[in-house]
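Which chain is which? The protein sequence lines are L and B, in order. Here the first sequence is numbered in the working numbering, starting from 76 and rising by one per residue. Here the second sequence is numbered in the working numbering, starting from 433 and rising by one per residue. Here the structure is laid out as structure tokens; the discussion comes afterwards.
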Amino acid sequence: MTATGLKQLSNALATPDQLSNSSSSIDGVPSDLETSIRVAGAQLTQTAGVLLGLSQDIIGQAIVIFTRFWLGADGEAYESTRPRYDVSAAALYMTAKLSFQPTSPRSVLNVYTLLCSSDTSPLWFVNPKGAPAEAPAMESYLLTEGEYQSARLTLLRIESVILRILSFDTHVALPHTIALTYLQTLGATRPAVARRVVEHLNAALLSPQLLYVTHQPNALAVAAIYLAAREDGIKLVDGNWWEVFDVDREELGFLVVGMRSLEGFMRREMEQWKNKTIPLLVDDVDSEIERRRMMVEGE
Amino acid sequence: MSASKSRWADEDPETEAIIAARKREKEEKKRAKAEKQRQLEASKAQTDGDGNDQSRNGDSGPPMKRRRLSNDADTNDAEVPENAEKKKQTTLLRFPVREWGTCRHVDNFERLNHIEEGSYGWVSRAKDINTGEVVALKKLKIENSPDGFPVTGLREIQTLLEARHANVVYLREVVMGNKMDDVYLVMDFLEHDLKALLDEMREPFLPSEIKTVLLQVVGGLEFLHAQWIMHRDLKTSNLLMNNRGEIKIADFGMARYYGDPPPKLTQLVVTLWYRAPELLLGAEKYGPEIDMWSIGCIFGELLTKEPLLQGKNEVDQVSKIFDLTGPPNSQIWPGFRSLPNAKSLRLPSNSSASSSSDPPLLPRSRFPYLTNAGLGLISELLALNPASRPTARQCLAHPYFREDPRPKPKEIFPTFPSKAGMEKRRRHHTPEAPKHGQEAPELDFAGVFGGAPGGDTGEVGAGFSLRLG
Numbered sequence: 076m077t078a079t080g081l082k083q084l085s086n087a088l089a090t091p092d093q094l095s096n097s098s099s100s101i102d103g104v105p106s107d108l109e110t111s112i113r114v115a116g117a118q119l120t121q122t123a124g125v126l127l128g129l130s131q132d133i134i135g136q137a138i139v140i141f142t143r144f145w146l147g148a149d150g151e152a153y154e155s156t157r158p159r160y161d162v163s164a165a166a167l168y169m170t171a172k173l174s175f176q177p178t179s180p181r182s183v184l185n186v187y188t189l190l191c192s193s194d195t196s197p198l199w200f201v202n203p204k205g206a207p208a209e210a211p212a213m214e215s216y217l218l219t220e221g222e223y224q225s226a227r228l229t230l231l232r233i234e235s236v237i238l239r240i241l242s243f244d245t246h247v248a249l250p251h252t253i254a255l256t257y258l259q260t261l262g263a264t265r266p267a268v269a270r271r272v273v274e275h276l277n278a279a280l281l282s283p284q285l286l287y288v289t290h291q292p293n294a295l296a297v298a299a300i301y302l303a304a305r306e307d308g309i310k311l312v313d314g315n316w317w318e319v320f321d322v323d324r325e326e327l328g329f330l331v332v333g334m335r336s337l338e339g340f341m342r343r344e345m346e347q348w349k350n351k352t353i354p355l356l357v358d359d360v361d362s363e364i365e366r367r368r369m370m371v372e373g374e
Numbered sequence: 433m434s435a436s437k438s439r440w441a442d443e444d445p446e447t448e449a450i451i452a453a454r455k456r457e458k459e460e461k462k463r464a465k466a467e468k469q470r471q472l473e474a475s476k477a478q479t480d481g482d483g484n485d486q487s488r489n490g491d492s493g494p495p496m497k498r499r500r501l502s503n504d505a506d507t508n509d510a511e512v513p514e515n516a517e518k519k520k521q522t523t524l525l526r527f528p529v530r531e532w533g534t535c536r537h538v539d540n541f542e543r544l545n546h547i548e549e550g551s552y553g554w555v556s557r558a559k560d561i562n563t564g565e566v567v568a569l570k571k572l573k574i575e576n577s578p579d580g581f582p583v584t585g586l587r588e589i590q591t592l593l594e595a596r597h598a599n600v601v602y603l604r605e606v607v608m609g610n611k612m613d614d615v616y617l618v619m620d621f622l623e624h625d626l627k628a629l630l631d632e633m634r635e636p637f638l639p640s641e642i643k644t645v646l647l648q649v650v651g652g653l654e655f656l657h658a659q660w661i662m663h664r665d666l667k668t669s670n671l672l673m674n675n676r677g678e679i680k681i682a683d684f685g686m687a688r689y690y691g692d693p694p695p696k697l698t699q700l701v702v703t704l705w706y707r708a709p710e711l712l713l714g715a716e717k718y719g720p721e722i723d724m725w726s727i728g729c730i731f732g733e734l735l736t737k738e739p740l741l742q743g744k745n746e747v748d749q750v751s752k753i754f755d756l757t758g759p760p761n762s763q764i765w766p767g768f769r770s771l772p773n774a775k776s777l778r779l780p781s782n783s784s785a786s787s788s789s790d791p792p793l794l795p796r797s798r799f800p801y802l803t804n805a806g807l808g809l810i811s812e813l814l815a816l817n818p819a820s821r822p823t824a825r826q827c828l829a830h831p832y833f834r835e836d837p838r839p840k841p842k843e844i845f846p847t848f849p850s851k852a853g854m855e856k857r858r859r860h861h862t863p864e865a866p867k868h869g870q871e872a873p874e875l876d877f878a879g880v881f882g883g884a885p886g887g888d889t890g891e892v893g894a895g896f897s898l899r900l901g
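Dropping the structure here:
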């Protein structure tokens with residue numbers, strides 16, 4: 076198969092330069108805070124996608140676009156301390172628009188209003204009190220016409236900014252279907268394993284190591300299969316089967332470690348931000364940086 | 433990797449806490465190290481002079497090659513030695529290196545002259561200031577749409593970026609002007625489009641030349657369909673040709689991905705004269721067969737130099753189609769009766785007269801100089817039943833292309849003075865493709881065969897040979 080034929084199965088990857096000089100680091104956002112915010116933004120995107128009834132491939136693509144945006148943004152184009160939630164909303168809206176399940180700006184904005192409110196949100200990092208026991212009243216998240224119009228303009232403007240930062244390359248290949256093909260090839264057809272593979276792949280979308288923008292989908296698929304088979308105690312074929320899928324041992328090892336570390340990472344995040352909100356708004360980011368500075372000086 | 437513990441759930445919370453603490457420490461160190469390294473690199477880059485700034489501005493041309501990430505190496509230090517040996521034995525497929533970066537500014541191009549204005553934007557010839565290369569610059573039309581960046585433009589870029597093929601126009605990059613809605617596609621410049629060329633030529637193409645043209649178009653289309661891309665606006669004015677006899681499919685403003693089973697899509701696609709009958713009859717689900725119909729129309733146009741089916745409107749188009757192919761019946765096109773617009777269709781009663789071949793051959797009188805194989809191919813391409821049309825791949829394998837005269841080698845293809853090169857390209861008389869977001873009209877085809885509502889002057893019951901205007 077020629078290299079062009081592989082395009083559909085592969086992704087653009089981050090350059091070392093993009094990884095080491097993310098836009099936020101230029102603006103003085105500490106890298107652990109940036110990671111927390113980015114992971115929260117990815118979770119926000121995931122939840123919003125579910126509420127909008129979008130299928131997981133659209134949501135996954137939107138999270139990858141969201142991640143690429145933060146790595147690619149330059150200071151001139153976009154202040155990196157801008158609100159994260161509206162980049163999440165624009166990425167999701169744009170990805171859905173290109174898919175078979177387009178959604179309206181109004182639906183997107185209503186969902187994000189619900190999710191970003193510290194009263195109604197079910198997200199732990201937005202609403203530390205926890206999800207409200209009863210479904211929130213419609214009025215609490217439906218935008219007024221005036222609010223909607225201005226929010227819509229912001230949404231569409233940020234869509235343009237995302238497109239500019241990505242040079243209009245909206246292609247994202249996800250590993251999920253590749254993994255299912257590999258599973259069939261390996262003869263591992265137990266539904267429980269397949270489910271676990273998909274779980275690992277979805278979880279990896281939140282990875283602080285940015286696995287989806289540093290590794291090709293085939294490698295992610297192989298790592299998820301390796302991990303799931305191991306957890307389930309399934310013996311796959313003998314030999315270095317991952318090489319059949321063009322993944323070397325070193326890359327597989329790195330990805331498996333990365334995927335396995337995710338649960339611990341999320342636990343630590345929840346511990347660290349217990350009873351606090353992760354700043355997704357620009358003002359919040361600034362005040363969090365300020366707070367940390369005070370803490371350091373106070374010590 | 434620690435292989436001893438297979439599940440992560442059932443661990444002792446205390447040891448887990450210790451492990452977590454250690455991990456945190458380790459990560460802290462790692463982060464510090466990475467930070468140090470970054471600073472080192474930054475200072476090094478500064479001493480190097482050119483620095484990162486330039487590459488981030490995107491002005492320095494193509495981005496750097498991807499390097500091995502130092503982080504990866506750190507984590508896997510221990511595994512490298514034992515791995516080194518094995519690596520030599522297996523060769524793994526490597527994916528093409530691709531990156532993303534911010535758009536360049538349109539000021540990197542100097543506009544030379546205007547070429548044409550299509551339904552999806554203005555095209556001009558331009559020169560890359562840095563390299564001196566001549567390119568085609570297409571400004572996307574972005575009306576203030578309530579839905580943000582037009583999905584047609586996004587699809588055009590997405591499919592063009594995907595469709596890297598010798599017979600598809602090459603999209604080099606997308607650049608922007610000062611405003612957010614100033615978006616330009618930078619594409620390879622080709623001297624001609626087939627429509628302008630046919631208009632200028634005194635004699636039609638030779639049979640050998642037609643085969644060369646058609647093979648390239650269908651070759652490009654086969655690739656598109658293999659990538660699950662439908663073009664949805666194939667016509668001679670969207671086929672570009674250079675002076676080396678190479679044909680490239682252009683204008684992906686209507687193109688989109690499709691699936692299997694086919695998703696529900698708008699029927700308002702393809703320029704009227706090249707639009708397949710199932711679209712005209714309102715099919716909500718359709719597939720790549722609509723592109724094959726357009727190929728049939730293009731084939732006919734190459735033979736006669738004139739567009740094959742020049743309907744004035746949808747109803748007239750259907751009438752012209754049936755005039756050429758004969759009316760549909762449930763034998764040659766099972767199920768056409770259930771298409772939305774077929775309800776109003778009143779077919780002549782004698783239409784069941786079955787033909788010996790499937791699909792029936794087109795009348796020989798329309799293409800007097802075509803060989804039998806050629807007539808067979810165009811009849812298959814213009815089969816009313818989408819299922820009877822050949823796929824792009826089947827089309828390429830058709831005997832027509834193997835019989836004499838053989839396709840003329842591209843290298844000895846005649847050259848023509850370029851319209852686009854120097855002066856404004858002539859405005860075509862081809863109708864334009866439908867606009868995105870239009871509502872599909874409810875069509876009343878009762879008049880196609882001379883019924884009353886059409887209000888035409890035809891005789892009742894004269895059958896499909898009736899011409900409307």
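C-beta: ideal position from N, C-alpha, C; glycine also. Small disclaimer: the values here were computed from a predicted structure and weren't measured.
Cβ of residue i within 7 Å of any chain L Cβ
i	result
residue 697 of chain B	no
residue 531 of chain B	yes
residue 534 of chain B	yes
residue 527 of chain B	yes
residue 409 of chain B	Nothing in the structure corresponds to residue 409 of chain B, since chain B is present only between 433 and 901.
residue 569 of chain B	no
residue 813 of chain B	no
residue 572 of chain B	no
residue 524 of chain B	yes
The ligand ADP heavy atom lying under 6 Å from the CB of residue i
i	result
residue 565 of chain B	This structure simply doesn't include the ligand ADP, nor any ligand for that matter.
CB contact below 7 Å: residue i versus chain B
i	result
residue 155 of chain L	Residue placement at residue 155 of chain L cannot be trusted, given a pLDDT of 49 that sits under 50; what the coordinates show is reported in the next sentence. So no, residue 155 of chain L is outside the interface.
residue 239 of chain L	yes
residue 310 of chain L	no
residue 150 of chain L	Because residue 150 of chain L carries a pLDDT of 48, less than 50, the predicted location of this residue cannot be relied on, and the following value inherits that uncertainty. Taking Cβ atoms only, chain B never reaches closer than 7 Å to residue 150 of chain L, which makes this a no.
residue 243 of chain L	yes
residue 161 of chain L	no
residue 231 of chain L	yes
residue 81 of chain L	yes
residue 176 of chain L	no
Bridge partner(s) assigned by DSSP for residue i
i	result
residue 559 of chain B	B:542 and B:566
residue 689 of chain B	B:661
residue 679 of chain B	B:673
residue 378 of chain B	Since the displayed chain B opens at 433 and closes at 901, residue 378 of chain B lies outside it and no answer follows.
residue 571 of chain B	B:554 and B:616
residue 696 of chain B	B:717
residue 548 of chain B	B:555
Taking Cβ-Cβ distances below 8 Å as the criterion, which residues of the stretch 247-271 of chain L are in contact with chain B? none
Selection of the stretch 604-630 of chain B by Cβ proximity to chain L, strictly under 8 Å: 605, 606, 608, 612, 613 and 615
Contact list for the stretch 578-595 of chain B against chain L, Cβ threshold 9 Å: 578, 579, 580, 581, 583, 585, 586, 587, 589, 590, 593, 594 and 595
Just list the alpha helix (DSSP H) runs in the stretch 703-757 of chain B, keeping only unbroken ones of 4 residues or longer that don't cross its boundaries, in chain order. 709-712, 721-736 and 746-757
The stretch 672-687 of chain B in contact with the stretch 737-750 of chain B per 3-pair CB rule at 8 Å: no
Would you call the stretch 293-304 of chain L and the stretch 263-282 of chain L touching, i.e. three or more CB-CB distances under 8 Å? yes
What runs of the alpha helix (DSSP H), each 4 residues or longer, lie entirely inside the stretch 581-664 of chain B? 583-594, 626-632 and 639-658
Under 8 Å, with one C-beta from each stretch per pair, do the stretch 633-642 of chain B and the stretch 581-600 of chain B reach the 3-pair mark? no
At least three beta-carbon pairs within less than 8 Å, the stretch 573-591 of chain B to the stretch 807-818 of chain B: no
Report the residues of the stretch 645-664 of chain B with a CB closer than 7 Å to any CB of chain L, ordered along the chain. 659
Inter-stretch contact at 8 Å, needing at least 3 Cβ pairs: the stretch 788-802 of chain B / the stretch 773-780 of chain B: no
Taking only runs that begin and end inside the stretch 803-846 of chain B, name each unbroken beta strand (DSSP E) of 3 or more residues, in chain order. none
Any residues in the stretch 328-351 of chain L with a beta carbon nearer than 8 Å to a beta carbon of chain B? Which ones, in chain order? 328, 329, 331, 332, 335, 336, 338, 339, 342 and 343
At a CB distance below 9 Å, what residues from the stretch 728-761 of chain B approach chain L? Give them in sequence order. none
Note down, one range per segment and in chain order, each beta strand (DSSP E) of at least 3 residues found wholly within the stretch 138-193 of chain L. none
In chain order, what residues of the stretch 216-229 of chain L put their CB closer than 9 Å to some CB of chain B? 227
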